[in-house]
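Basically our numbering = 1-based index in the sequence shown + 181.
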Amino acid sequence: MKNILILIALMGFAAIGWSQEKMTSYDNSYIEKTYDISTYFPDNNKFTLYIDALSIDEYYEKTGFRITHKQYEDFVQAIKKAKIKYSEWVQTAIENEVTDMDKQMSISCKVGGYFYGGDEWKFDDFVSPIFNFRITDNSGESRHMLVVLSGTLNSSTNSYIDAKGAALVFMNEGEIDSFLEKISIEEIEEFRSKPDKKDLFKD
């Protein structure tokens with residue numbers, strides 16, 4: 182019976198993997214790379230966002246955050262709170278000439294995560310992102326970053342498989358605002374309302 186339930190769960194994950202569609206993308210200027218944001222609509226009142234992100238595990242090239250419709254508002258509010266704190270701390274760092282810093286923010290939310298390797302998607306339903314303010318030196322110029330870390334991602338179907346995690350990296354307030362706009366409810370609903378590509382070709 183247990184094996185049957187695991188098989189059903191895996192079939193469900195496979196179906197989700199095939200059903201999700203790319204909605205938009207966002208730029209990570211820290212490593213000059215563009216990442217996809219995809220959506221999955223199980224029905225008219227629900228959605229799940231799949232946000233590809235920087236992998237901090239050399240073995241797993243593709244990692245990201247999975248946000249269900251129930252987690253969405255808390256996730257967005259956490260990003261907005263982090264943006265406010267980020268702005269305050271950037272100003273403080275500039276005024277006090279702080280050029281090296283890695284400080285965690287007292288902000289929390291619950292989401293999911295995923296990683297891909299060995300021709301298989303692996304999911305973690307219990308992710309508590311860590312919001313960090315980070316300052317690094319780049320050729321004598323300070324770079325102020327808001328880094329959202331997933332922490333270790335553990336496969337929900339195999340406790341022996343994990344990844345070091347995923348990271349969202351924002352270099353300024355504009356990048357945070359752009360990201361929030363791309364995952365806004367308005368953008369999600371607009372994408373949902375688009376006709377299925379197959380319906381465009383009438384027989």
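No residue lacks a Cβ here, since even glycine has one placed at the ideal position from N, Cα and C.
In this text the structure is predicted, and so the values were computed from the model without any measurement.
When DSSP labels each residue in this structure, what does residue i get in the three-state scheme?
i: residue 301; result: strand
i: residue 317; result: strand
i: residue 355; result: helix
i: residue 243; result: strand
i: residue 291; result: coil
i: residue 362; result: helix
i: residue 205; result: strand
Tell whether a beta-carbon distance below 8 Å holds between residue i and residue j.
i: residue 231; j: residue 200; result: no
i: residue 263; j: residue 246; result: no
i: residue 343; j: residue 334; result: yes
i: residue 330; j: residue 260; result: no
i: residue 332; j: residue 311; result: yes
i: residue 346; j: residue 238; result: yes
i: residue 241; j: residue 314; result: no
i: residue 336; j: residue 306; result: no
i: residue 424; j: residue 224; result: Residue 424 cannot be examined here, being either before or after the span of the chain that is shown, 182 to 384.
From what residue to what residue does the beta strand (DSSP E) around residue i run?
i: residue 200; result: Counting along the chain, residue 200 falls outside any beta strand (DSSP E), though it belongs to the alpha helix (DSSP H) covering 183-200.
i: residue 218; result: 214-221
i: residue 231; result: 229-236
i: residue 328; result: 322-330
i: residue 284; result: 282-285
Whole angstroms is fine: what's the gap from residue i's alpha carbon to residue j's?
i: residue 353; j: residue 250; result: 27 Å
i: residue 366; j: residue 229; result: 12 Å
i: residue 326; j: residue 285; result: 12 Å
i: residue 368; j: residue 258; result: 17 Å
i: residue 357; j: residue 324; result: 15 Å
i: residue 203; j: residue 217; result: 7 Å
i: residue 212; j: residue 372; result: 28 Å
i: residue 355; j: residue 271; result: 14 Å
i: residue 192; j: residue 253; result: Bear in mind that a pLDDT of 42 at residue 192, under 50, signals an unreliable position, so the model cannot answer this.
i: residue 215; j: residue 244; result: 13 Å
For the alpha helix (DSSP H) that residue i lies in, which residues bound it at each end?
i: residue 273; result: 250-276
i: residue 370; result: 366-374
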